[in-house]
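Numbering that gives the first Met the number 0 applies: residue 0 is where the sequence shown begins, and numbers increase by one. Ideal Cβ positions, reconstructed from N, Cα and C, are used throughout, including at glycine. Remember, it's a predicted structure, so these values are computed and weren't measured experimentally.
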Amino acid sequence: MKSEIEAWIKQIQERPDVVAINIGLFQSEKGFQAYLIGSNEYDPEDDDWACNEDFVPTTKYIDLSCSQNVNWESLQPDVVNIIKGLLSSNSSTILNHVPNVTVGFDDAELVSVK
0 MKSEIEAWIK QIQERPDVVA INIGLFQSEK GFQAYLIGSN EYDPEDDDWA
50 CNEDFVPTTK YIDLSCSQNV NWESLQPDVV NIIKGLLSSN SSTILNHVPN
100 VTVGFDDAEL VSVK
């Protein structure tokens with residue numbers, strides 16, 4: 000899953016003028032998926048900012064390959080750690096071009112990673 004998420008983030012070439020990126024997570028009939036959106040707003044006290052889709056990359060979604068026995072409570076920290084690792088690698092990705100990055104499941108609390 001780590002290499003898939005990293006490749007997905009790295010292939011996004013756009014560098015939009017947004018203040019925050021959210022990597023949203025959800026479960027569908029296909030299993031767990033992630034999506035990326037950018038917002039012109041960010042409020043650390045109110046996660047509703049992540050509903051704004053001011054930037055949507057061409058490849059908005061990715062299927063996450065993980066065990067079907069995984070639940071969202073264990074998947075989210077794994078994705079958070081992957082994103083933190085990508086940020087700390089100083090790769091030139093969309094994540095390093097915005098001041099705020101969060102990860103979270105739809106209808107749950109977002110985790111700030113930057």
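From the DSSP secondary-structure annotation, give me the bridge partner or partners of residue i.
i	result
Ala-33	Leu-24, Ile-61
Asn-99	Ala-19
Ser-73	Paired residues: none, contrary to the question.
Ser-38	Ala-19
Shortest alpha-carbon distance to residue i belongs to which of the options?
i	options	result
Trp-71	Pro-98, Phe-104, Gly-37	Phe-104
Asn-51	Gln-32, Thr-58, Ile-22, Ser-64	Ile-22
Ile-61	Ile-20, Lys-113, Gln-32, Val-17	Gln-32
Give the straight-line distance between the Cα atoms of residue i and residue j, rounded to the nearest whole angstrom.
i	j	result
Gln-75	Trp-48	19 Å
Asp-46	Leu-109	7 Å
Ser-38	Asn-68	33 Å
Gly-30	Met-0	13 Å
From what residue to what residue does the alpha helix (DSSP H) around residue i run?
i	result
Ile-114	The chain is shown only over 0 to 113; residue 114 falls outside these bounds and no answer can be derived.
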